[in-house]
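Input: a single structure, listed below in structure tokens.
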Amino acid sequence: MTAEPRPLRVGVIGTGAMGGAHADNLHSRIVGAQLAGVMDVDEARASEVAARCGSAAVFRDSDELIRSESIDAVLIASVDDTHAELVLKCLRAKKPVMCEKPLATSLVDAQKIVDAEIDLGRKLVQVGFCRRFDSQHLAVKREFESGALGRPIMYKGWHRNVGGGGREMSNELFLFGSAVHEFDSIRWFLGQELEEIYVRGVNTDPDLGEDVYDLLLFQLSLTGGCLATFDVYQSAVYGYEIGVELVGERGTALIGPPHLPVVRAAGSYSARIEAHWLERLGQAYIAEIQAWVAAIERGTPVGADAWDGYMALLGSAYGMEALNSGAPQQVPVHESPAFYHDSG
Ligand code: ISE
Numbered sequence: 000m001t002a003e004p005r006p007l008r009v010g011v012i013g014t015g016a017m018g019g020a021h022a023d024n025l026h027s028r029i030v031g032a033q034l035a036g037v038m039d040v041d042e043a044r045a046s047e048v049a050a051r052c053g054s055a056a057v058f059r060d061s062d063e064l065i066r067s068e069s070i071d072a073v074l075i076a077s078v079d080d081t082h083a084e085l086v087l088k089c090l091r092a093k094k095p096v097m098c099e100k101p102l103a104t105s106l107v108d109a110q111k112i113v114d115a116e117i118d119l120g121r122k123l124v125q126v127g128f129c130r131r132f133d134s135q136h137l138a139v140k141r142e143f144e145s146g147a148l149g150r151p152i153m154y155k156g157w158h159r160n161v162g163g164g165g166r167e168m169s170n171e172l173f174l175f176g177s178a179v180h181e182f183d184s185i186r187w188f189l190g191q192e193l194e195e196i197y198v199r200g201v202n203t204d205p206d207l208g209e210d211v212y213d214l215l216l217f218q219l220s221l222t223g224g225c226l227a228t229f230d231v232y233q234s235a236v237y238g239y240e241i242g243v244e245l246v247g248e249r250g251t252a253l254i255g256p257p258h259l260p261v262v263r264a265a266g267s268y269s270a271r272i273e274a275h276w277l278e279r280l281g282q283a284y285i286a287e288i289q290a291w292v293a294a295i296e297r298g299t300p301v302g303a304d305a306w307d308g309y310m311a312l313l314g315s316a317y318g319m320e321a322l323n324s325g326a327p328q329q330v331p332v333h334e335s336p337a338f339y340h341d342s343g
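Everything in the sequence shown is counted per numbering that gives the first Met the number 0, starting at 0 for the first residue and increasing by one.
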């Protein structure tokens, strides 16, 4: 009789809303893994998560968690500007790491991660672009893979957050924290790179600073001739919504109509809209972490890799330039390093 393999012992750094959800999933929904440790700058918050998730150890310090012999792999869900340094530390410790998006908050830091991984000669980084695991996004992709809709020619997306609730609001956060998902989706759906980007913003909320644009409209052209356009609206109030229509030469495939049931009552149709990304993307987060754990076991990485993380950030960085300058920006060609060619 062969012994059951030991579950992968995962340590989570950052136990806010996102890290807390990943911790819960690791504790009770992910096969082959165990939540072994948690760390948060707010120790009480980490302790609360550990207490509701069985026997996870609470670490005071992220270095300690990363180096610990009782941790096999690390999930980073701390604030965005801590990501790059923590990922580099995981690479130094040769531990697989799932980093929430964005991989870094500057191209320079993202490049350091790519370089470090190439030097190491092993792919250890997965970036949390969860839409790649969302059943609706996957269904749209499959429609195109069947060939029936012809060659895709345009991506039209919308991305709405409810706003309010004391969340920090800044152009950087909108570009690097939210729009970055669109840049990854575009590359993933179309297999083309960004060539030119134009961005305009509107301030719809008098409580925001004067130069903070909570509604952004993006227009992109891509290296293979496709076009892309999307909005990112942070004060949508009505609900959380992400949608894509992928337009092909012979037809289109659309996400958008409700994920939740349409109710017919009292003479009308109605459908609830999810209030938060944790609700809308709940299935995707589980599938993403399950795939990460299985990939570590198999030794074949899945999902977005460090190069994908870099390239999505390129969109955010040039988007910022385009917004600040009010003019379209040309994006220099970036050849992907051979090391990343076989990524799935
Ligand atoms: C948030 O951090 C997420 O990752 C959500 O998926 C995204 O839609 C939202 O805009 C971000 O703020």
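Heads up, the beta-carbon is just placed ideally off N, CA and C, and yes, glycines get one too.
In this text, all values refer to a predicted model and were calculated from it rather than measured experimentally.
So if DSSP puts Met310 in a beta bridge, which residue, or which two residues, is it bridged to? Met310 is not bridged to any residue.
Candidates Pro4, His136, Val231 and Asp71: closest to Val37 by CA position: By alpha-carbon distance to Val37, the top candidate from Pro4, His136, Val231 and Asp71 is Asp71.
Quick check on the DSSP output: the alpha helix (DSSP H) that includes Asp183 runs from which residue to which? Where Asp183 is concerned, the enclosing alpha helix (DSSP H) stretches over Val179 to Leu189.
Please work out which residues of its chain come closer than 8 Å, Cβ to Cβ, to Arg279, disregarding the five sequence neighbours upstream and downstream, and give them in chain order. Counting only Cβ-Cβ distances below 8 Å, and skipping sequence neighbours, we find Tyr239, Glu240, Ile241, His258 and Glu273.
Close-in-space but distant-in-sequence residues of the same chain around Phe143 (CB under 8 Å, 5 per side omitted): Answer for Phe143: Pro151, Phe188, Leu245, Gly247 and Ala252, listed in chain order.
Between which two residues does the beta strand (DSSP E) harbouring Gly36 extend? Unbroken beta strand (DSSP E) run through Gly36: Ala32 to Met38.
Which residue's Cα is closest to the Cα of Ser25: Val48, Asn170, Val236 and Arg263? Sequence inspection shows Leu at residue 25; the Ser mentioned does not correspond to that position. It is Val48 whose Cα lies nearest to the Cα of Leu25.
Using DSSP bridges, identify the partner residues of Ile12. Answer is Met38 and Ile75.
Return yes when the C-beta of Gly308 is under 6 Å from any heavy atom of the ligand ISE, and no when it is not. For the ligand ISE, not one heavy atom lies less than 6 Å from the Cβ of Gly308.
What's the gap between the Cα of Gly343 and the Cα of Val301? Because Gly343 sits at a pLDDT of 49, beneath the cut-off of 50, its placement in the model cannot be relied upon, and the point is left open.
Residues that DSSP places opposite Arg263 in a beta bridge: Paired residue(s): Tyr268.
When burial is assigned at 16 or more other CB atoms within 10 Å of the CB, is Gln329 buried or exposed? Its Cβ having fewer than 16 others within 10 Å, Gln329 is exposed.
For Asp210, does the three-state DSSP call read helix, strand or coil? In the structure shown, Asp210 falls within a coil segment according to DSSP collapsed to helix, strand and coil.
What's the gap between the Cα of Phe182 and the Cα of Leu312? Each residue's Cα considered, the two are about 8 Å apart.
Cβ-heavy atom distance between Ser177 and the ligand ISE below 6 Å? Yes, since a heavy atom of the ligand ISE falls inside the 6 Å radius drawn around the Cβ of Ser177.
Closest by CA to Ser315, which one among Ala293, Ser234 and Asn170? Ser315 has its Cα closest to that of Asn170, out of Ala293, Ser234 and Asn170.
Using CA coordinates, which residue listed in Phe58, Val198, Gly281 and Gly224 is at the minimum distance from Pro327? The residue with the shortest Cα to Cα distance from Pro327 is Val198.
For Met168, which residues in the same chain have their Cβ closer than 7 Å to its Cβ, ignoring the five residues on either side in sequence? Excluding sequence neighbours, Met168 sits near Leu207, Val211, Asp213 and Gln233.
Do Leu7 and Ile295 have their beta-carbon atoms positioned less than 7 Å apart in this structure? In terms of Cβ geometry, Ile295 and Leu7 form a close pair [threshold 7 Å].
7 Å Cβ cutoff met for Val11 and Pro101: No, they are not a contact pair.
DSSP three-state call for Thr299: helix, strand or coil? Judged by DSSP in its simplified three-state form, Thr299 adopts coil rather than helix or strand.
Determine whether the beta carbon atoms of Val113 and Tyr309 lie at a separation below 7 Å. Yes.
The ligand ISE and Asn160: does any heavy atom of the ligand fall closer than 6 Å to the residue's C-beta? Checking the Cβ of Asn160 against the ligand ISE gives yes.
Quick check: the Cα distance between Ser77 and Gly281, rounded to an integer number of angstroms? Going by the C-alpha atoms only, they are around 19 Å apart.
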